[in-house]
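S.K.: Residue numbers (full-length UniProt numbering): 1 to 983.
Even for Gly, the Cβ is constructed at its ideal location relative to N, Cα and C.
Quick caveat, the model's predicted, so the values are computed rather than measured.
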């Protein structure tokens, strides 16, 4: 039978266990709203949840990301009735894929919301986190066309990697051609030209005047400005550039002449540039490869955060690369303070997630890790759209990633053993433990091929660590390893003055004295000195024989040179495509190409086009440095990739894979990762898996298996003097292995330490570990509870409340609890049913808000709204009788009182209730450090306030869990009940 519920009644039915599948939970909100939610195990809820994905603002339901019957693509779905439909340009509508339609709609909902709200709101930022090769550039170009055509936006700033500037310009001209480039009789229903200009600022603009001219034209004419990260950083720091200026010589040749007028002109130009770029700056800012904003202390990140516009877009295929703090930096750029301060984020998310990532983590840590990962993903899903390569499965051929664990040759093992022995002898004071990147540089020379080490030894190349094409040392070498295998520690990027002894040891150059005895009679050019090199040429020969082109990626430029040397001495294998071809040796720029950081942009484009040409049957191999070849390169002419050495950052190797596995690929792709077992490289690969697993868990909301223990992940040192006997290794090739891998196992079993496996096998999604709805509610509740309990607090100064003998208490300043809450900004909700600005379950406490009470000297109103948002019940009442507040037992002061008819606020927490007078003007007879005095005393307790003050208080005991304190205190002590702990 139906049960009637009268107004004001609350019915709560709950189940302590998760086993009950048909539990009805009824709860009431702050008002009279009754919420009913059901926990059902049937599939209808999942279908209903999937059907509402589109209305949630995610736009990831590709069944709805489709053009209409006329082939038009509507952008502003769910728009207000009074606004018109906005459609993509016809040439774009014909080209975009369903997931790209969702991305364009996602950008519109976050940055524009509606045409009316665009005029009145400051806007929000978002992250388009589509994997490499999914067409983020096309999505952004399509959105910019809608933005500049239909809103009041005037300028868009696109900050991109410098080696992709020309590619961006070419994409604009391809998809949105200028009116001048089209025939005059072009049908507008077929191609609609752009109505804005595209400006580009690159290294061709050498002087400040030339750069200022480009920026001024863009600021006045409007449109899009393309520029690189380094260029933006320099201009934002107001660095001047004068044509013809030469580097200063070491020895002064005469007096230095400074043109003051020229300096003034330079400063005026730089001020104008900064005004256009940052203050107020453009209407929309777009950061391609936005994972570069991973160090909040770096000058580039600081310069970007100075841009006044809040409509910020980050494009990245890998939002989480090395650690969660880098993810926080990127999120904090697009939505400042959304996840709180760095310390708050670390306490709430980073530490719990890291603690539960390992195979030997406690069950409690694993559960908390799963809970916090889900909460973090749910918090960000409104403005972080993630799409992976799974959207390509129906449109691209298959892809397999094989991991081959390789042994060291006897010479390599001797070198590695000697190096590790020196490492252990040096201990924590040596340069190896202080800078593991330098140790990695040395080890690369060992396990890639001893020829690389021999070359460095012969040339006495003391700065040979620059051979590796790595990130800057501050951003990647944030790990200190020791002989005992210490855990990672974050690096400090703060500028320092002078050089400390620690810095001197850290900055010591690499020496190779330890290798001279072993390599005294070394003979170069022996392929078998490196097992990796033997397997590499097996993969090259077999791939070419099958008629497949192959890419070879390495971080070491010297390694690429050694590979070239071996290629030039070997014949090209006869392939089945052209069996009549005569055998000849490999020739650079004919049979193979090389691309690294020294390759010019024009040469780069020429080599790529020639290699991708289907008619080119002479070029089969492309050698690329990992960093230079992983961005802005489309090499779909190849379908096989060899990652010759593992990178510190897992996204670099993943980007290398995406050079071939992208739109346009027509052949099955095979990726080979060569990793030396029982070495530091295996540890680095294990870390890659750990980082990728954390990314899958937080960004993609997956549940990868826990593969490694904490020691295996955190310890970089992997040292064994003797590897297991290869004769005991069983390498019976599996039927699942493709033919090239199967042949490698049959021909070189002594070079491979374990059965090759698929890279994805270490990142399998455990669907059985997916959180249930009850667990998701528990995760949200635990997060809310901890958020309430972790209200930021800083100890106020009580110095002014201890007056000197000749002073009085008449001019006591008010406390300023600056860390209590920031200025509250009303989060404006977007239109329709879009959720891009969803706040946290318990919003992060803002950091600055005036604290005071009505009637106090400060004249600031009581912050009721802020307390209610934090889940605290606050009620204003009027006393009907006088309430006497007696002094302490040892005082003879006249008792204070709360008079009848006086308004007070009653603050009720989960365990404590406090009644606070509205008027709290201090009186001379009130003891400054004993403000709490209670009436109707039935219990005396000790209260300790954050270790600062201990007071003996009286209270009225209502039941086992609730007390009522009637207190009179200064306005700044109003929040102290939230820090009280009973003893």
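1) Could you give the uninterrupted runs of the alpha helix (DSSP H) lying entirely in the stretch 57 to 99, keeping only those of 4 residues or more?
2) Evaluate the contact criterion for the stretch 603 to 616 versus the stretch 533 to 546: three or more CB pairs, one atom per stretch, below 8 Å.
3) Thinking residue 319 and residue 384 are a contact (beta carbons under 8 Å), I'd like their distance in whole angstroms, please.
4) What do you get for residue 113, buried or exposed, if any count of 16 or more other CB atoms within 10 angstroms of its CB means buried?
5) In whole angstroms, give me the CA-to-CA distance for residue 783 and residue 325.
6) Report the CB separation of residue 99 from residue 387 in whole angstroms; it is logged as a contact under 8 Å.
7) Pair every Cβ in the stretch 91 to 106 with every Cβ in the stretch 153 to 164, then say whether three or more of these pairs are closer than 8 Å.
8) Between the alpha carbons of residue 942 and residue 338, how many angstroms are there, rounded?
9) If you draw a straight line from the alpha carbon of residue 461 to that of residue 443, how long is it in whole angstroms?
10) Could you tell me if residue 264 is buried or exposed, where buried requires 16 or more neighbouring beta carbons within 10 angstroms of its beta carbon?
11) Which residues in the same chain as residue 165 place their Cβ atom closer than 7 Å to its Cβ, once the five residues preceding and following it in sequence are excluded?
12) Can you tell me where the beta strand (DSSP E) holding residue 227 begins and where it ends?
13) CA-CA distance, residue 238 and residue 271?
14) Give me the Cα-Cα distance between residue 710 and residue 220, rounded to the nearest whole angstrom.
15) In the structure shown, what three-state DSSP assignment does residue 699 receive?
16) How is the alpha helix (DSSP H) around residue 354 delimited, first residue to last?
17) Since residue 1012 is in the beta strand (DSSP E), which residue starts that stretch and which ends it?
18) I'd like the ranges of any beta strand (DSSP E) spanning at least 3 consecutive residues and lying wholly in the stretch 331 to 391.
19) What whole-angstrom Cβ distance do residue 539 and residue 452 have, given they're in contact under 8 Å?
20) Identify whether residue 585 lies in helix, strand or coil by the three-state DSSP scheme.
21) Please state the DSSP three-state secondary structure of residue 320.
22) In the DSSP assignment, find the alpha helix (DSSP H) that holds residue 611 and state where it starts and stops.
23) Go ahead and pull the three-state DSSP assignment for residue 875.
24) What is the rounded straight-line gap between the Cα of residue 819 and the Cα of residue 344?
25) Does DSSP put residue 638 in a helix, in a strand, or in coil?
26) According to the Cβ coordinates, are residue 303 and residue 232 closer than 8 Å?
27) Within the same chain, show all residues whose beta-carbon is closer than 6 Å to that of residue 218, passing over the 5 residues directly before and after it, in chain order.
28) Quick one: what does DSSP say residue 630 is sitting in, helix, strand or coil?
29) Opposite residue 984 in the DSSP bridges: which residues?
30) In this structure, does DSSP put residue 489 in helix, strand or coil?
31) Distance, Cα to Cα, residue 563 vs residue 573?
32) At what residues does the beta strand (DSSP E) containing residue 286 begin and finish?
33) Assign residue 553 to one of three DSSP states: helix, strand, or coil.
34) Helix, strand or coil: how does DSSP classify residue 651 here?
35) How about residue 283 and residue 309: do their beta carbons lie closer than 8 Å?
36) Exposed or buried, residue 747, counting other C-beta atoms within 10 Å across all chains shown (16 or more means buried)?
M.R.: The relevant details are as follows:
1) Uninterrupted alpha helix (DSSP H) stretches at least 4 residues long and entirely within the stretch 57 to 99 occur at 90 to 95, given in chain order.
2) No contact exists between the stretch 603 to 616 and the stretch 533 to 546.
3) By one-based count along the chain shown, residue 319 stands at place 319. By one-based count along the chain shown, residue 384 stands at place 384. With a Cβ gap of about 7 Å, residue 319 and residue 384 count as contacting.
4) Reading the chain shown from its first residue, position 113 is the one you call residue 113. Residue 113 is buried by the Cβ-count criterion.
5) By one-based count along the chain shown, residue 783 stands at place 783. By one-based count along the chain shown, residue 325 stands at place 325. So the two alpha carbons sit approximately 19 Å from each other.
6) Reading the chain shown from its first residue, position 99 is the one you call residue 99. Reading the chain shown from its first residue, position 387 is the one you call residue 387. In this structure residue 99 is in contact with residue 387, their Cβ atoms being roughly 5 Å apart against a cut-off of 8 Å.
7) Inter-segment contact for the stretch 91 to 106 and the stretch 153 to 164 is absent: fewer than three beta-carbon pairs are separated by less than 8 Å.
8) Taking the first residue of the chain shown as 1, we reach residue 942 at position 942. Taking the first residue of the chain shown as 1, we reach residue 338 at position 338. Since pLDDT at residue 942 reaches only 35, below the 50 mark, its modelled position is unreliable, and no value is offered.
9) Along the chain shown, read from residue 1 onward, the residue named residue 461 stands at position 461. Along the chain shown, read from residue 1 onward, the residue named residue 443 stands at position 443. Only weak support is given to the placement of residue 461: the predicted model assigns it a pLDDT of 46, under 50, and the value that follows is read from those uncertain coordinates. Cα to Cα, the separation comes out at about 15 Å.
10) The count along the chain shown starts at 1 and reaches residue 264 at position 264. Looking at its Cβ environment, which holds fewer than 16 other Cβ atoms inside 10 Å, residue 264 is exposed.
11) The residue you call residue 165 lines up with position 165 of the chain shown. Hits under 7 Å: 200, 202, 226, 228.
12) Residue numbering aside, residue 227 sits at position 227 when the chain shown is read from its first letter. In the DSSP assignment, residue 227 falls within the unbroken beta strand (DSSP E) covering 223 to 228.
13) By 1-based counting over the chain shown, the position of residue 238 is 238. By 1-based counting over the chain shown, the position of residue 271 is 271. Approximately 7 Å between the Cα atoms of the pair.
14) To locate residue 710, count along the chain shown from 1; it is residue 710. To locate residue 220, count along the chain shown from 1; it is residue 220. Straight across, the Cα-Cα distance linking residue 710 with residue 220 is about 56 Å.
15) Your numbering for residue 699 matches position 699 in the chain shown. The DSSP-derived three-state label of residue 699 is coil.
16) As a first step, residue 354 must be located in the chain shown, where it is residue number 354. Judged by DSSP secondary structure, residue 354 falls within the alpha helix (DSSP H) whose first and last residues are 351 to 355.
17) Residue 1012 lies beyond the range of the chain shown here (1 to 983); nothing can be said about it.
18) Runs found: 384 to 387.
19) Taking the first residue of the chain shown as position 1, residue 539 is located at position 539. Taking the first residue of the chain shown as position 1, residue 452 is located at position 452. Between residue 539 and residue 452 a beta carbon distance of about 19 Å is seen, past the 8 Å cut, so the two are scored as non-contacting.
20) Numbered from its first residue, the chain shown carries residue 585 at position 585. DSSP places residue 585 in strand when its eight states are reduced to three.
21) Position 320 of the chain shown, counting from 1, holds the residue named residue 320. Three-state result, residue 320: coil.
22) For the purposes of this step, residue 611 is taken as residue 611 along the chain shown, with counting starting at 1. Run containing residue 611: 601 to 612, per the alpha helix (DSSP H) assignment.
23) If you number the chain shown from 1, residue 875 lands on position 875. Look at residue 875 here: in three-state DSSP terms it is strand.
24) If you number the chain shown from 1, residue 819 lands on position 819. If you number the chain shown from 1, residue 344 lands on position 344. Only weak support exists for where residue 819 lies, its pLDDT of 38 falling under 50; the value from the coordinates is given anyway. Taking the straight line joining both Cα atoms gives about 12 Å.
25) Along the chain shown, one-based indexing puts residue 638 at 638. Reduced to three states, the DSSP call for residue 638 is coil.
26) In the chain shown, the residue the question calls residue 303 occupies position 303. In the chain shown, the residue the question calls residue 232 occupies position 232. At a Cβ-Cβ threshold of 8 Å, residue 303 and residue 232 count as neighbours.
27) Numbered from its first residue, the chain shown carries residue 218 at position 218. Hits under 6 Å: 199, 225.
28) Here residue 630 corresponds to residue number 630 of the chain shown, with the count starting at 1. Residue 630: coil per DSSP, three-state reduction.
29) Nothing about residue 984 can be reported from this structure: the residues present for the chain run from 1 to 983 only.
30) Numbered from 1 along the chain shown, position 489 holds the residue referred to as residue 489. Confidence at residue 489 is low in this model, with a pLDDT of 37, below 50, so its placement is unreliable and no value can be given for it.
31) In the chain shown, residue 563 corresponds to position 563, counting from 1. In the chain shown, residue 573 corresponds to position 573, counting from 1. The alpha-carbon atoms of residue 563 and residue 573 are separated by roughly 16 Å.
32) Here the question's residue 286 lines up with position 286 in the chain shown. For residue 286, the uninterrupted beta strand (DSSP E) segment begins and ends at 284 to 287.
33) As a working note, residue 553 is residue 553 in the chain shown. Strand.
34) Along the chain shown, one-based indexing puts residue 651 at 651. Looking at residue 651 - three-state DSSP - the assignment turns out to be helix.
35) Walking along the chain shown from the start, residue 283 turns up at place 283. Walking along the chain shown from the start, residue 309 turns up at place 309. Yes, Cβ-Cβ distance for residue 283 and residue 309 is below 8 Å.
36) One-based indexing of the chain shown puts residue 747 at position 747. Residue environment analysis places residue 747 among the exposed positions, since fewer than 16 neighbouring C-beta atoms fall within 10 angstroms of its C-beta.
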